[in-house]
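Residue numbers (the numbering used here): 79 to 236.
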Amino acid sequence: MNPRQLEQDLELPNIRASLIAYRDAAQKSSWYIRFSISGPDGRYNPGIAVVPSSRVSKLVNDLRKAHQKMKLLEQKRYSGEFSEDFVLRGEVSDTLSVKVSSKKSHFLFWSYKKIRLYFLVSSKTNTFSRSFDSDDVETVINTLSSAESLAKQLINQL
Numbered sequence: 079m080n081p082r083q084l085e086q087d088l089e090l091p092n093i094r095a096s097l098i099a100y101r102d103a104a105q106k107s108s109w110y111i112r113f114s115i116s117g118p119d120g121r122y123n124p125g126i127a128v129v130p131s132s133r134v135s136k137l138v139n140d141l142r143k144a145h146q147k148m149k150l151l152e153q154k155r156y157s158g159e160f161s162e163d164f165v166l167r168g169e170v171s172d173t174l175s176v177k178v179s180s181k182k183s184h185f186l187f188w189s190y191k192k193i194r195l196y197f198l199v200s201s202k203t204n205t206f207s208r209s210f211d212s213d214d215v216e217t218v219i220n221t222l223s224s225a226e227s228l229a230k231q232l233i234n235q236l
């Protein structure tokens, strides 16, 4: 690791995320969040998405909208499937997209809805995803919302 760089694990559910704070050659302080999703085994390079500090607030706002949609879908009666993109590749990172999907499943006489938010992160050759339920999405939103203050703490240690 670069001596002018500190990394802090964000401890998000179902996805590896780190906040990296650094000083560049001109001694300017900055930070970003790196998401990493490994493939199904060691043959695959992980998907890595870097979200610069200037795009984190957009990601948080889009996750809030996605969470509201999840809550609405939980209350709504419907049949069939639903899918909506909330972050497209290139909006906050070249390799990250976020979508909410829902489908109704049947098992014997029971039916249930499965509503999930998906982080899709691309490597050079593959796209890997991790899913989150509504409670996990709240945790992600809260953690990412506090990233700027954590970054300031890390920068003060440099």
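Backbone N, C-alpha and C define an ideal beta-carbon position, used for all residues, glycine too. Bear in mind the structure is a predicted one, so any value in this text is a computation, not a measurement.
- For the pair Arg-82 and Ser-96, the CB atoms are not nearer than the 8 Å cut-off.
- Across the structure, Ser-161 and Ser-223 are spaced so that their CA atoms are roughly 25 Å apart.
- Pairwise C-beta distances place the region 193-204 in contact with the region 169-181, as three or more of them are shorter than 8 Å.
- For Arg-121, the closest C-alpha among the options Gln-231, Ser-132, Thr-217, Thr-203 is that of Thr-203.
- In this structure, DSSP gives Ala-103 a state outside helix and strand, which the three-state scheme calls coil.
- Of the candidates Lys-191, Glu-216, Glu-169, Lys-191 places its Cα closest to the Cα of Glu-159.
- Residue Asp-140 holds the alpha-carbon nearest to the alpha-carbon of Glu-169 among Ile-93, Ala-104, Asp-140, Leu-151.
- Taking a contact as a CB-CB distance under 8 Å, the pair Ser-212 and His-145 counts as one, their CB atoms being some 7 Å apart.
- Around the CB of Leu-90, 16 or more other CB atoms lie within 10 Å, so the residue is classed as buried.
- By the criterion of a C-beta distance shorter than 7 Å, Pro-130 is surrounded in its chain by Tyr-110, once the five residues flanking it on both sides are discounted.
- Per the coordinates, the alpha-carbon of Arg-194 lies some 42 Å from the alpha-carbon of Ala-103.
- Counting of Cβ neighbours within 10 angstroms places Leu-166 among the exposed residues, the total staying below 16.
- Within 10 angstroms of the beta-carbon of Leu-150 lie fewer than 16 other beta-carbons, which makes it exposed.
- Boundaries of the beta strand (DSSP E) around Glu-159: 159-165.
- Here Leu-236 is exposed, its C-beta having fewer than 16 other C-beta atoms within 10 Å.
- Between Gln-86 and Pro-118, the alpha-carbon positions lie close to 25 Å from each other.
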